[in-house]
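Here the structure comes first, spelled out in structure tokens, and everything after it is commentary.
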Amino acid sequence: MVEGCAAGLAAHRERFVSSCVRHAPGLGVAAVETAWSGFLAQIPRRGDLFPRIQFDTGTGEFGQVLRPAPVRPPTATFWCAPPGDLRSQPGTKGPDLDLLAGLRARAEAVGAQEALILAPDGTVVEGAYTAVVWWEGATLCVRDEGVSRLPSVTEGRLLDLCRQRGIPVRGGRLAAERLPDHETWVVNSLDQVRLLVPGRIGGVDPGGDVVGDGPVFSARFRELSAALWAGWPALPG
352 MVEGCAAGLA AHRERFVSSC VRHAPGLGVA AVETAWSGFL AQIPRRGDLF
402 PRIQFDTGTG EFGQVLRPAP VRPPTATFWC APPGDLRSQP GTKGPDLDLL
452 AGLRARAEAV GAQEALILAP DGTVVEGAYT AVVWWEGATL CVRDEGVSRL
502 PSVTEGRLLD LCRQRGIPVR GGRLAAERLP DHETWVVNSL DQVRLLVPGR
552 IGGVDPGGDV VGDGPVFSAR FRELSAALWA GWPALPG
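In our numbering, the protein residues as written are 352 to 588.
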């Protein structure tokens, strides 16, 4: 959230409400929506923030965390976890946070900024806290429906922007060893979009093209990044 404005707020709300009701059927939509409205009311309308609302299925209580948004570069190096998704509920944000934090720590231990989760066949599912998209020619590709993963609000916004511009979009699978061969982005609500740059696959540095003092950002990256950051509506109230 930037100066009281947020992107994809309705989609974030829908995902949170549906997750709570799915995991606590007796809770009721109205109770979740009331908690959501109270959460929004507590958020300051100044500054760059990355707040979080949460629901504890054990206690039945809602909680919130108000935290400043960290400043991070528009690139991310990567480390790939061993093939096989160990998450218990990959389609829900929350139950596997400890596992994801552990993957992030392992990535950071080898100097990487993003941990990528692989399917048993070695193809990329998503990042620990990001969705992964890549380009094949002029077509933007997303992970197909063959695996369970978190519905990404930012990925959805990116796909809408592509369709509005006539950019082809399709599902597919990207093998981890092919990552250096494609322009690959990681997207989430904190960073919107970052360029994935050469990292480590199975402990091996695959190399990659870095020009001058850093990676080269394509025209489509600059255009779609600017669009993702633009036009955020103000929070209600």
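All C-beta atoms, glycine included, are put in the ideal place defined by N, C-alpha and C.
Quiz prompt | 7 Å Cβ shell around P471 - same chain, five flanking residues per side excluded | solution = Cβ neighbours of P471 beyond the five flanking positions: P434 and G435.
Quiz item: Grouping DSSP H, G and I as helix and E and B as strand, with all else coil, what is W583?
Solution: coil
Quiz prompt | Outcome for V302 when other beta-carbon atoms lying within 10 angstroms are tallied against a minimum of 16 | solution = Residue 302 lies beyond the stretch modelled for the chain, which goes from 352 to 588, so this question has no answer here.
Quiz item: Does the region 457–468 come close enough to the region 485–493 to have 3 or more Cβ pairs within less than 8 Å?
Solution: no
Practice problem: Over the uninterrupted alpha helix (DSSP H) stretch that includes D407, give me the two end residues. | Solution: Premise fails: D407 lies in the beta strand (DSSP E), R403 to D407, not in any alpha helix (DSSP H).
Exercise. Determine contact between the region 514–533 and the region 462–482, defined as no fewer than three beta-carbon pairs at a distance below 8 Å.
Key: Short answer: they touch.
Quiz item: When the Cα atoms are used, what is the spatial distance from V372 to G411?
Solution: 11 Å
Quiz item: Do three or more CB pairs link the region 491–503 to the region 435–449 at distances below 8 Å?
Solution: yes
Quiz prompt | Inter-residue Cα distance where the pair is G359 and A466 | solution = 24 Å
Quiz prompt | Contact under 9 Å by Cβ, R443 with R545 | solution = Residue identity differs from the one stated: residue 443 is Thr in this sequence, not Arg. Contact flag unset, no.
Quiz item: Applying the criterion that 16 or more other CB atoms from any shown protein chain within 10 Å of the CB defines a buried residue, is Q515 buried or exposed?
Solution: exposed
Exercise. Return the CA-CA distance between E506 and C492, expressed in angstroms with no decimal places.
Key: 11 Å
Quiz item: Just checking my contact of H363 with T408 at CB under 8 Å: how many whole Å lie between their CB atoms?
Solution: The pair is not a contact, with the Cβ atoms about 19 Å apart (cut-off 8 Å).
Quiz prompt | DSSP-derived helix/strand/coil call for Q440 | solution = coil
Quiz item: Between which two residues does the alpha helix (DSSP H) harbouring T385 extend?
Solution: V380 to Q393
Self-check item: Inter-residue CB distance, A420 and L541 (contact presumed, cutoff 8 Å)
Solution: 6 Å
Quiz item: Cβ of G355 within 9 Å of Cβ of R418?
Solution: Contact check for G355 against R418 fails: the beta carbons are separated by 9 Å or more.
Quiz item: Going by alpha carbons, who is nearest to G462 out of A427, L469 and V422?
Solution: Comparing alpha carbon positions, the residue from A427, L469 and V422 closest to G462 is A427.
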